[in-house]
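Peer 1:
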Amino acid sequence: LEKKVINGIPLKALMVDTKLQSNIDIQENHLLNVMIKIWNETIKLCHLEQASKILRWCAYDTDFAPNKSDKRFKLWVSKGITDYNSLVHKGAFQSFDNLKRKHGLDTDDFFRYLQVRSYFNKNIDMHSINQGFFHTFLSIIKSMSPSKIVSKLYKSILGCEVESTYYVKEKWEREGGFVITEEGWEHICEIQWTTTGSNVWREFCWKNIMRFFITPAQKKYQGTSDACWRCNSEGAN
Numbered sequence: 585l586e587k588k589v590i591n592g593i594p595l596k597a598l599m600v601d602t603k604l605q606s607n608i609d610i611q612e613n614h615l616l617n618v619m620i621k622i623w624n625e626t627i628k629l630c631h632l633e634q635a636s637k638i639l640r641w642c643a644y645d646t647d648f649a650p651n652k653s654d655k656r657f658k659l660w661v662s663k664g665i666t667d668y669n670s671l672v673h674k675g676a677f678q679s680f681d682n683l684k685r686k687h688g689l690d691t692d693d694f695f696r697y698l699q700v701r702s703y704f705n706k707n708i709d710m711h712s713i714n715q716g717f718f719h720t721f722l723s724i725i726k727s728m729s730p731s732k733i734v735s736k737l738y739k740s741i742l743g744c745e746v747e748s749t750y751y752v753k754e755k756w757e758r759e760g761g762f763v764i765t766e767e768g769w770e771h772i773c774e775i776q777w778t779t780t781g782s783n784v785w786r787e788f789c790w791k792n793i794m795r796f797f798i799t800p801a802q803k804k805y806q807g808t809s810d811a812c813w814r815c816n817s818e819g820a821n
């Protein structure tokens, strides 16, 4: 299925570009329609509209203007250059010499390389790619024999939700210099509710683990300082 081509466009390139999707009628193919819909919802849920651009193919990316007049970018696909991620190695955009050696690019492809690199540097944020759901997704597709695929993706998606407290867990880990497992964090959150039947004490215990890192701007007492007790920043959060 992942190698499927629709109207001359690879499915992988189609899934990550909503503008491409709007130009192709896939309503009759129920399986593809549902799959693309779920992917788009996941990208929206995890706020990955910008980060997901690294999975676009330079030969089909609707925001990359040069591919509209230069068909040679489609020849790059046959040489193994597909999405922008295929141009990255160890978190950095590869040099032309490396790509020339690995994919057999010609010398006259150099100016095309410069066009792609310029677009990449302006539109793709590598920092947002190396965290959360997208980091998990990329590690899975790069692995030769990934394990626990569904479990890893599910937990990553849960971590993207606004209601998730994993961002607090990560802050505890960074400041304390230790690792809290997901099971351990769930136990920490659960114990605030199971150790007492008093809602007052439950709220107090919950604030102990949450509000250590959440210091909203003070509005009630305007005459006093709004400085955070931890970092002394005004209106810290």
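In the numbering used here, the protein residues as written are 585 to 821.
Using N, Cα and C, we set each Cβ at its ideal position, and we do this for glycine too.
1. From Asn591 to Ile608, what does the alpha carbon distance come to, in whole angstroms?
2. Rounded to the nearest angstrom, what separates Arg685 and Phe695 at their Cα positions?
3. Taking Arg764 and Trp756 to be in contact with their CB atoms under 8 Å, please state how far apart those CB atoms are, rounded to whole angstroms.
4. For Cys789, which residues of its own chain have a beta-carbon under 7 Å away from its beta-carbon, when the five flanking residues on both sides are left out?
5. Closer than 8 Å is the cut-off here; do at least three beta carbon pairs connect the segment 701 to 720 with the segment 622 to 636?
6. Quick check on Phe718: does DSSP put it in helix, strand or coil?
7. What runs of the alpha helix (DSSP H), each 4 residues or longer, lie entirely inside the segment 625 to 711?
8. Hey, out of Tyr738, Asp645, Ile638, Glu774, whose CA is closest to Lys603's CA?
9. Is Val600 near Arg640, with beta carbons less than 7 Å apart?
10. Does DSSP classify Pro800 as helix, strand or coil?
11. Which residues does DSSP list as the beta-bridge partners of Val734?
12. Based on the DSSP secondary-structure assignment, which residues constitute the bridge partners of Val589?
13. Taking 6 Å as the limit between beta carbons, can you name the residues of its chain near Pro650, skipping five residues before and five after?
14. Looking only at its chain, what residues have a beta carbon closer than 7 Å to the beta carbon of Pro730, apart from the 5 residues adjacent to it on each side?
15. Ignore the nearest five residues each way along the sequence and tell me which others in Thr666's own chain have a CB closer than 6 Å to its CB.
16. With distances taken Cα to Cα, identify the nearest neighbour of Val672 among Leu722, Ala643, Lys628, Asp690.
Peer 2: Considering the structure as presented:
1. In the sequence shown, the residue the question calls residue 591 occupies position 7. In the sequence shown, the residue the question calls residue 608 occupies position 24. Distance between the alpha carbons of Asn591 and Ile608: 8 Å.
2. Numbered from 1 along the sequence shown, position 101 holds the residue referred to as residue 685. Numbered from 1 along the sequence shown, position 111 holds the residue referred to as residue 695. Roughly 16 Å separates the two Cα atoms.
3. Counted from its first residue, the sequence shown places residue 764 at position 180. Counted from its first residue, the sequence shown places residue 756 at position 172. Looking at the sequence shown, residue 764 is not Arg but Ile. About 6 Å separates the two Cβ atoms, so the contact holds.
4. Walking along the sequence shown from the start, residue 789 turns up at place 205. Beyond the five residues adjoining it in sequence on each side, Cys789 comes within less than 7 Å, by CB distance, of Gln776 in the same chain, given in chain order.
5. By the Cβ rule, the segment 701 to 720 counts as touching the segment 622 to 636, because three or more pairs are nearer than 8 Å.
6. Within the sequence shown, numbered from 1, the residue matching residue 718 stands at position 134. In this structure, DSSP gives Phe718 a helical state, which the three-state scheme calls helix.
7. Runs found: 656 to 662, 680 to 687, 694 to 707.
8. For the purposes of this step, residue 603 is taken as residue 19 along the sequence shown, with counting starting at 1. If we check each option's Cα against that of Lys603, Asp645 comes out closest.
9. The sequence position of residue 600 within the sequence shown is 16, counting from 1. The sequence position of residue 640 within the sequence shown is 56, counting from 1. Contact: yes.
10. As a position in the sequence shown, residue 800 is number 216, starting the count at 1. Interpretation of Pro800 is limited by its pLDDT of 49, a score under 50 that renders its predicted location unreliable; the figure taken from the coordinates is listed afterwards. DSSP places Pro800 in coil when its eight states are reduced to three.
11. The residue labelled residue 734 in the question sits at position 150 within the sequence shown. Looking at the DSSP output, Val734 shares a beta bridge with no other residue.
12. Here residue 589 refers to the residue found at position 5 of the sequence shown. Looking at the DSSP assignment, Val589 forms a beta bridge with Pro594.
13. For the purposes of this step, residue 650 is taken as residue 66 along the sequence shown, with counting starting at 1. Around Pro650: Gln699.
14. In the sequence shown, residue 730 corresponds to position 146, counting from 1. Closer than 7 Å at the Cβ level, and outside the excluded window around Pro730, lie Ile724.
15. Reading the sequence shown from its first residue, position 82 is the one you call residue 666. The answer, listed in chain order, is Trp641.
16. By 1-based counting over the sequence shown, the position of residue 672 is 88. For the residues Leu722, Ala643, Lys628, Asp690, the minimum Cα distance to Val672 belongs to Leu722.
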